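Chemist:
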Ligand code: FUB
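Residue numbers (this note's numbering): 1244 to 1744.
#1: Quick check on the burial criterion: 16 or more other C-beta atoms within 10 angstroms. Buried or exposed for residue 1429?
#2: Taking any heavy atom of ligand 3 as the mark, which residues have a C-beta closer than 6 Å to it, listed down the chain?
#3: By DSSP, does residue 1749 sit in helix, in strand, or in coil?
#4: Across the region 1591-1601 and the region 1514-1534, are there enough close Cβ pairs to call them in contact, namely three or more that are closer than 8 Å?
#5: Using only the alpha-carbon positions, how far apart do residue 1328 and residue 1645 sit?
#6: Can you give me the C-alpha to C-alpha distance between residue 1457 and residue 1494, rounded to a whole angstrom?
#7: Rounding to the nearest angstrom, what Cα-Cα distance links residue 1512 and residue 1695 in this structure?
#8: So the candidates are 1690, 1625, 1667, 1583; which of them puts its Cα closest to the Cα of residue 1216?
#9: Could you check the C-alpha separation between residue 1416 and residue 1704 for me, to the nearest Å?
#10: So, helix, strand or coil for residue 1387, using DSSP?
#11: Under 8 Å between C-beta atoms, does residue 1681 make it to chain D?
#12: Which first and last residues belong to the beta strand (DSSP E) in which residue 1402 is found?
#13: Can you tell me the Cα-Cα spacing of residue 1570 and residue 1744, whole angstroms?
#14: Would residue 1665 pass as a contact of residue 1733 if the rule is Cβ separation under 8 Å?
#15: Taking the beta strand (DSSP E) that residue 1694 belongs to, which residues open and close that run?
#16: Assuming the contact rule is C-beta atoms closer than 8 Å, residue 1574 and residue 1550 should be a hit. Round their C-beta distance to whole Å, please.
#17: Three or more C-beta pairs closer than 8 Å, one from the region 1550-1568 and one from the region 1496-1511: is that the case here?
#18: May I ask which residues mark the beginning and end of the beta strand (DSSP E) holding residue 1328?
#19: Take residue 1529 and list the residues in its own chain whose beta-carbon comes closer than 7 Å to its own, dropping the five residues that flank it on each side.
#20: Could you tell me if residue 1595 is buried or exposed, where buried requires 16 or more neighbouring beta carbons within 10 angstroms of its beta carbon?
#21: For residue 1196, which residues from the same chain have a beta carbon less than 7 Å from its beta carbon, with the 5 sequence-adjacent residues on both sides left out?
#22: With a CB to CB cut of under 8 Å and the five nearest residues on each side skipped, what residues in its chain are close to residue 1635?
#23: Can you check DSSP and say which residues form a bridge with residue 1366?
#24: Of the choices 1413, 1404, 1403, whose alpha-carbon is the least far from that of residue 1388?
#25: In chain order, what residues of the same chain lie with their CB nearer than 7 Å to the CB of residue 1373, ignoring the 5 residues before and after it?
#26: Who are the near neighbours of residue 1323 in its chain, counting only those whose CB is closer than 6 Å to its CB and skipping five residues on each side?
#27: Would you mind listing the beta strand (DSSP E) stretches within the region 1547-1626 that are 3+ residues and don't spill past its ends, in chain order?
#28: In whole angstroms, what is the alpha-carbon distance linking residue 1588 and residue 1350?
#29: What whole-angstrom Cβ distance do residue 1434 and residue 1409 have, given they're in contact under 8 Å?
#30: Going by C-alpha distance, which of 1554, 1672, 1688 is nearest residue 1724?
#31: Are at least three pairs of beta-carbons, each pair with one atom in the region 1364-1379 and one in the region 1465-1485, less than 8 Å apart?
#32: To the nearest angstrom, report how far apart residue 1502 and residue 1479 are at their CA atoms.
#33: On the three-state DSSP scale, how would you describe residue 1654?
#34: Closer than 6 Å by C-beta to residue 1629: which residues in its own chain qualify, once you throw out the five before and the five after it? Chain order, please.
#35: Compute the distance between the beta-carbons of residue 1662 and residue 1627, then report whether it is under 8 Å.
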């Protein structure tokens, strides 16, 4: 296995080797994926195998249109992780056309005994409310980019809007030096009129670009200049020409950063005339750190840590975006693939700045971001807060992680709090819960805090089966509230979701 981006770890080797049965078991299915996706993920073959040669001969515009129309579908979800029907790593989020567009890497199960990272294409996703995500289908795939060696190396991308066009930057194994197993990693561009494509790839990677991965493009609001950041055992920056397709300057290695462990994932942005360079820093596992400068080219000064390492996923590639007046950190974990951290899931949490422009540390949450309508199946297992004792989250089905999670309440006064539920002005009459209890027992649904106003007490019958149980509301609820589910007596009650009617 070759580690093209070096930096102390073999990038194409999984850290934990799952059994094939486990890999299949991790296939998510909460939201029924389109037949194509099922084939692709289950059979784990290069996509459209029968038509591979035809694909090469097709007009790229027609091909891109076909991708957009055939593969567009929905991927509704909420909370963290953002998507339950596909793996999505390295999530670059951009605010385009009044929504957030997500451009993640698309992890798939490796074909033919391969291990480690495996990506053949990119999808884009969008959301206006950051709770419901639409899958716009494949926007670029390894078989429709002339310079790409199609060996599943489509790593972390970015997309920016300039001159009326969307420029999608992606790293891949080039056909250069094809005697090497991976080829050489280079960054290329595909261009579209809309954020979801169709994207037309340039015939070659960015002319003259050295070996490179994980592009990020910063558009300087001061003068519109574009800067390309990328990694290759360090972080580099080069100015782009106005066409955004060519380098205007030689790439410079950015100094004053940690001397080791900068293997991937730079993300640069501007806020209040401060330039931020954020990046995963591998100290054992990766954590997100950042530096600041007065100029996109630096010099940068190290400032600190944005998100700590976690115990599950070696990588933690991220992006930062402002949307409707709030700032968000998008990152990934391996929520749907607990035994294999090369199959990753995109997440988002709120990010805040201090008065002096420095960034407050972000603690990863299960709840994520956005406001949840009270009529949804509110996934209280993705809680914002919980009692210290008597709360345990587990998969509904260990063999089908895409089904999601349940939370068990097992001690007197155990509770989970799920923030930001919108009741609006609707006159809700009842609350329904999907629950199961080996002991039987009551749960209470309250507003705002664990001893807040009681909305309903629901008796969950003793049963080995999941039941949907309703109770009338004793208090009316309107507007935006946190929702709390408590267990007033010691029992064993498992909850899948709560919903208002
Ligand atoms: O997704 C493949 C690689 O893993 C990315 O390019 C890196 O940033 C890391 O997340």
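The beta-carbon is built from N, C-alpha and C at its ideal position, and this holds for glycine as well. Computed from a predicted structure; not experimentally measured.
Modeler: With the structure as the only source:
#1: The sequence position of residue 1429 within the chain shown is 186, counting from 1. By the neighbour-count criterion, in which a residue is buried when 16 or more other Cβ atoms sit within 10 angstroms of its Cβ, residue 1429 is buried.
#2: With respect to ligand 3, the structure offers nothing, as its ligand set consists of ligand 1.
#3: Past the edges of the chain, shown from 1244 to 1744, lies residue 1749, and the structure says nothing about it.
#4: Result yes; three or more Cβ-Cβ pairs closer than 8 Å.
#5: The sequence position of residue 1328 within the chain shown is 85, counting from 1. The sequence position of residue 1645 within the chain shown is 402, counting from 1. Roughly 7 Å between the two C-alpha positions.
#6: To locate residue 1457, count along the chain shown from 1; it is residue 214. To locate residue 1494, count along the chain shown from 1; it is residue 251. Distance between the alpha carbons of residue 1457 and residue 1494: 14 Å.
#7: For the purposes of this step, residue 1512 is taken as residue 269 along the chain shown, with counting starting at 1. For the purposes of this step, residue 1695 is taken as residue 452 along the chain shown, with counting starting at 1. When the Cα atoms are used, residue 1512 and residue 1695 turn out to be separated by approximately 41 Å.
#8: This structure leaves residue 1216 out entirely; the chain is present only between 1244 and 1744.
#9: Within the chain shown, numbered from 1, the residue matching residue 1416 stands at position 173. Within the chain shown, numbered from 1, the residue matching residue 1704 stands at position 461. Computed Cα separation, rounded: 57 Å.
#10: Taking the chain shown and counting its residues from 1, the one referred to as residue 1387 is at position 144. It is helical.
#11: The chain labelled as chain D is not found in the depicted structure, where only one protein chain is given.
#12: Here residue 1402 is taken as the residue at index 159 of the chain shown, counted from 1. Note, residue 1402: beta strand (DSSP E), 1401-1405.
#13: Numbered from 1 along the chain shown, position 327 holds the residue referred to as residue 1570. Numbered from 1 along the chain shown, position 501 holds the residue referred to as residue 1744. Roughly 33 Å between the two C-alpha positions.
#14: Translated into the one-based positions of the chain shown, residue 1665 becomes position 422. Translated into the one-based positions of the chain shown, residue 1733 becomes position 490. It is not a contact, given that the beta carbons lie outside the stated cut-off.
#15: For the purposes of this step, residue 1694 is taken as residue 451 along the chain shown, with counting starting at 1. Per DSSP, residue 1694 lies in no beta strand (DSSP E) and is assigned neither H nor E.
#16: Looking up residue 1574 in the chain shown gives position 331. Looking up residue 1550 in the chain shown gives position 307. The Cβ separation is near 6 Å, so the contact holds.
#17: Output reads yes: the region 1496-1511 touches the region 1550-1568.
#18: Along the chain shown, read from residue 1 onward, the residue named residue 1328 stands at position 85. Counted as a single uninterrupted DSSP element, the stretch harbouring residue 1328 is not any beta strand (DSSP E), since DSSP gives it neither H nor E.
#19: As a first step, residue 1529 must be located in the chain shown, where it is residue number 286. Excluding sequence neighbours, residue 1529 sits near 1523, 1552, 1557, 1558, 1559.
#20: As a working mapping, residue 1595 is identified with position 352 in the chain shown. Classification for residue 1595: exposed.
#21: The requested residue 1196 does not occur in the structure, where the chain is confined to residues 1244 to 1744.
#22: Here residue 1635 is taken as the residue at index 392 of the chain shown, counted from 1. Contacts found: 1650, 1651, 1653.
#23: Locating residue 1366 in the chain shown gives position 123, where the first residue counts as 1. Beta bridge pairing from DSSP links residue 1366 with 1381.
#24: Counting from one through the chain shown, the residue named residue 1388 turns up at place 145. Residue 1388 has its Cα closest to that of 1413, out of 1413, 1404, 1403.
#25: Mapped onto the chain shown, residue 1373 falls at position 130. Correct list, in chain order: 1343, 1591, 1612, 1613.
#26: Working through the chain shown from its first residue, we reach residue 1323 at position 80. Cβ within range, chain order: 1590, 1609, 1611.
#27: Runs of the beta strand (DSSP E) lying entirely within the region 1547-1626 and spanning at least 3 residues, in chain order: 1562-1566, 1569-1576, 1588-1594.
#28: Looking up residue 1588 in the chain shown gives position 345. Looking up residue 1350 in the chain shown gives position 107. A straight-line Cα-Cα distance of about 9 Å links residue 1588 and residue 1350.
#29: Mapped onto the chain shown, residue 1434 falls at position 191. Mapped onto the chain shown, residue 1409 falls at position 166. Under the criterion of beta carbons closer than 8 Å, residue 1434 and residue 1409 qualify as touching, at roughly 7 Å.
#30: Here residue 1724 corresponds to residue number 481 of the chain shown, with the count starting at 1. Relative to residue 1724, the option among 1554, 1672, 1688 whose CA is nearest is 1688.
#31: Contact between the region 1364-1379 and the region 1465-1485 is absent, with fewer than three C-beta pairs closer than 8 Å.
#32: The sequence position of residue 1502 within the chain shown is 259, counting from 1. The sequence position of residue 1479 within the chain shown is 236, counting from 1. Rounded to whole angstroms, residue 1502 to residue 1479 spans 13 Å at the Cα level.
#33: On the chain shown, position 411 is the one that residue 1654 refers to. Under the three-state reduction of DSSP, residue 1654 is assigned to coil, being neither helix nor strand.
#34: On the chain shown, position 386 is the one that residue 1629 refers to. Excluding sequence neighbours, residue 1629 sits near 1659.
#35: Counting from one through the chain shown, the residue named residue 1662 turns up at place 419. Counting from one through the chain shown, the residue named residue 1627 turns up at place 384. A contact, by the Cβ cut-off of 8 Å.
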